[in-house]
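Participant: Before anything else, here's the structure in question.
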Amino acid sequence: MKIAINGAGIAGSTLAYWLHSYGHEAVLIEQAPRLRSSGYIIDFWGLGYDVATMMRIVPHLRVSGYDVGEVRFVGRDGQRRGGFATDVLTRPLDKRFVSLKRSDLAAAIYAAIDGKVETIFRDSVAAIDEDAHGVDVGFDHHAGRRFDVVVGADGLHSRVRELRFGREEQFEVYLGYRVAAFELPAYRPRDELTYVSYAEPGKQVSRFSIRDDRTLFLFVYREPDSTIIIPATDAGRKAVLRDVFKDVGWECPRILESMERAEEIYFDRVSQIQMRNWIKGRTALVGDAGACVSLLGGEGSGLAMTEAYVLAGELARAKDNPLAGLARYQVGMMPFLQHKQKMASRFASSFVPKTGFGIALRNAITSLMALPFLANLLLGRQIRDDFGLPHYVSDETHAGIAKLNP
Ligand SMILES: Cc1cc2nc3c(=O)[nH]c(=O)nc-3n(C[C@H](O)[C@H](O)[C@H](O)COP(=O)(O)OP(=O)(O)OC[C@H]3O[C@@H](n4cnc5c(N)ncnc54)[C@H](O)[C@@H]3O)c2cc1C
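Quick note, the sequence shown lines up with residues 9 to 414 if you use this note's numbering.
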């Protein structure tokens, strides 16, 4: 089969990897001129880690990743007020957990297919026209081509979804927050392998020191109005952050001042994408495009990889009947993703506490997480993946994978 995949992010490249390993022809289309290198830090574990293990990329993730030791909530004076040692998370997961930049995960996945799967950068699927035997796909820049299946792996603001399923507003469930992230060189202080976070009612600033003397910053704030437009330019985004966080204490004034040097600001609404269907004819959605859990899920990238693995496996299993494969993918994965979305949205009201009391309560509770039974009570359900990964990988495919990724 020939499969067009819009978006060379986490889901898209994983899907291309597995399709290629099953002998199908995948074509990745990515709107950016190259893979993005900036972004934010993610925790990577669970089913996604298992898929990455089968793809043999975990050693690369370990090299580019960080064994974070502590999440530390600080007060205005920078002193510790709450938080936990991360082994309460990693121990129950048998250390199958790594924190890394989203872009490093995307790059590691892409490296496994680079040169083997056709990728068209600086372009996007722009039209999808389907008949009983295939799909004519039009692009913004290149000439149109015909495929058997087209997949939207183009993230939260998916264009394939818009083209085939309808406007974003129909599917977006706004969780009441805005999130911004950027990276800076030579910021001081540094706290190695420690995620440091400061909150005031409805606002939170965090920093994490990474290699090459760089620091990643994450801003999250409550914004009940989902309609306020996020500026398209970095200058506009910086202005919003300066305004919202102008009176926030701790290191915030220094961070805002240093932000002027930041080259790229990620800024978005914190939303989920909830859909009843990820399939329409020969078009499918995967990853955030169809089932974004949001950053509150703490597992979106692993879930995106899992969906991609299952979609590729079901297409391979269905042989000449892609529609059957697509249907099996949706039936197999959707209840699990819906459950994950529910868990994440339950957490939304307390993610950045609204009041000083809420912040103090969170600090106290997280300090108590040193007690394993309490950690299990608070996090157990959150980190458990109640989904058994299907096995599609035959000996023949294993041999193919070894060739793909020796
Ligand atoms: C601040 C933050 C923290 C997070 N923390 C975690 C965490 O701790 N753990 C975790 O697992 N997940 C986390 N996530 C979620 C995770 O980043 C996503 O779930 C994951 O990246 C989804 O992968 P994806 O491939 O579906 O989409 P993306 O990674 O967004 O990739 C989409 C790709 O499509 C491309 N694209 C977009 N539009 C088009 C178009 N029209 N044409 C062609 N290409 C296009 C984009 O350039 C991009 O390359 C976090 C998210 C945020 C915002």
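Backbone N, C-alpha and C fix where the C-beta goes; we use that ideal spot for every residue, glycine too.
How close, in whole Å, do the beta carbons of F344 and D394 come, if the pair is a contact with beta carbons under 8 Å?
Facilitator: 7 Å
Participant: If distances are taken between C-alpha atoms only, which option among G83, W26 and I49 comes closest to G257?
Facilitator: G83
Participant: Relative to the C-alpha of G152, which residue among V159, D162, H141 and A135 is closest?
Facilitator: A135
Participant: Should G174 be counted as a contact of ligand 1 given a C-beta to heavy atom distance under 8 Å?
Facilitator: no
Participant: Let me know if I236 comes out buried or exposed under the rule of 16 or more other beta-carbons within 10 Å of its beta-carbon.
Facilitator: Exposed is the call here.
Participant: Tell me whether S357 is buried or exposed, calling it buried when 16 or more other Cβ atoms sit within 10 Å of its Cβ.
Facilitator: exposed
Participant: Closest to D199 by CA distance: which of P209, R222, G396 and G184 is it?
Facilitator: R222
Participant: Buried or exposed, going by whether 16 or more other CB atoms sit within 10 Å of the CB of V159?
Facilitator: buried
Participant: Per the DSSP calculation, Y274 is bridged to which residue(s)?
Facilitator: A189
Participant: Please state whether DSSP places R154 in a helix, a strand or coil.
Facilitator: strand
Participant: Taking the continuous beta strand (DSSP E) assigned at A292, which residues delimit it?
Facilitator: T291 to L293
Participant: If you measure between the beta carbons of D51 and F92, is that distance less than 9 Å?
Facilitator: no
Participant: Does the segment 139-152 come into contact with the segment 104-121, if we say contact requires no fewer than three beta-carbon pairs (one atom in each stretch) closer than 8 Å?
Facilitator: The count of Cβ pairs closer than 8 Å, one atom from the segment 139-152 and one from the segment 104-121, stays below three, leaving the stretches out of contact.
Participant: Measure the C-alpha to C-alpha separation of Q209 and P193 and round it to an integer number of angstroms.
Facilitator: Checking the sequence shown, residue 209 turns out to be Pro, not Gln. Each residue's alpha carbon lies about 29 Å from the other.
Participant: Residue ranges of each alpha helix (DSSP H) run of no fewer than 4 residues wholly in the segment 104-161, ordered along the chain?
Facilitator: Whole alpha helix (DSSP H) segments, 4+ residues: 110-119.
Participant: On the CB-based measure, 16 or more other CB atoms within 10 Å of its CB, does G339 come out buried or exposed?
Facilitator: First, the amino acid is wrong: residue 339 is Val here, not Gly. Exposed: under 16 other Cβ atoms inside 10 Å.
Participant: For R44, which of helix, strand or coil comes out of DSSP?
Facilitator: coil
Participant: Given a cut-off of 9 Å, decide if G289 and L323 are closer than it, judged by their beta-carbon atoms.
Facilitator: no
Participant: With a threshold of 8 Å, establish whether the CB of A207 neighbours any heavy atom of ligand 1.
Facilitator: No.
Participant: Taking only three categories from DSSP, how would you classify L226?
Facilitator: strand
Participant: Note the first and the last residue of the continuous alpha helix (DSSP H) segment covering N371.
Facilitator: G364 to S375
Participant: Under DSSP, the alpha helix (DSSP H) around F395 begins and ends at which residues?
Facilitator: Premise fails: F395 is in no alpha helix (DSSP H) and is neither H nor E.
Participant: In whole angstroms, give me the CA-to-CA distance for G305 and V360.
Facilitator: 14 Å
Participant: Need the endpoints of the beta strand (DSSP E) that V82 sits in, please.
Facilitator: Boundaries of the beta strand (DSSP E) around V82: E78 to V82.
Participant: I need the straight-line Cα distance from K254 to M267, nearest angstrom please.
Facilitator: 13 Å
Participant: Tell me, please, whether the segment 167-177 touches the segment 275-294 by the rule of three or more beta-carbon pairs shorter than 8 Å.
Facilitator: yes
Participant: Quick check: the segment 184-193 against the segment 222-232, are there 3 or more CB pairs under 8 Å?
Facilitator: With the cut-off at 8 Å, the segment 184-193 and the segment 222-232 touch.
Participant: Go ahead and label A270 buried or exposed: buried means 16 or more other beta carbons lie within 10 angstroms of its beta carbon, across all protein chains shown.
Facilitator: buried
Participant: Determine the DSSP secondary structure at D296, reduced to helix, strand or coil.
Facilitator: helix
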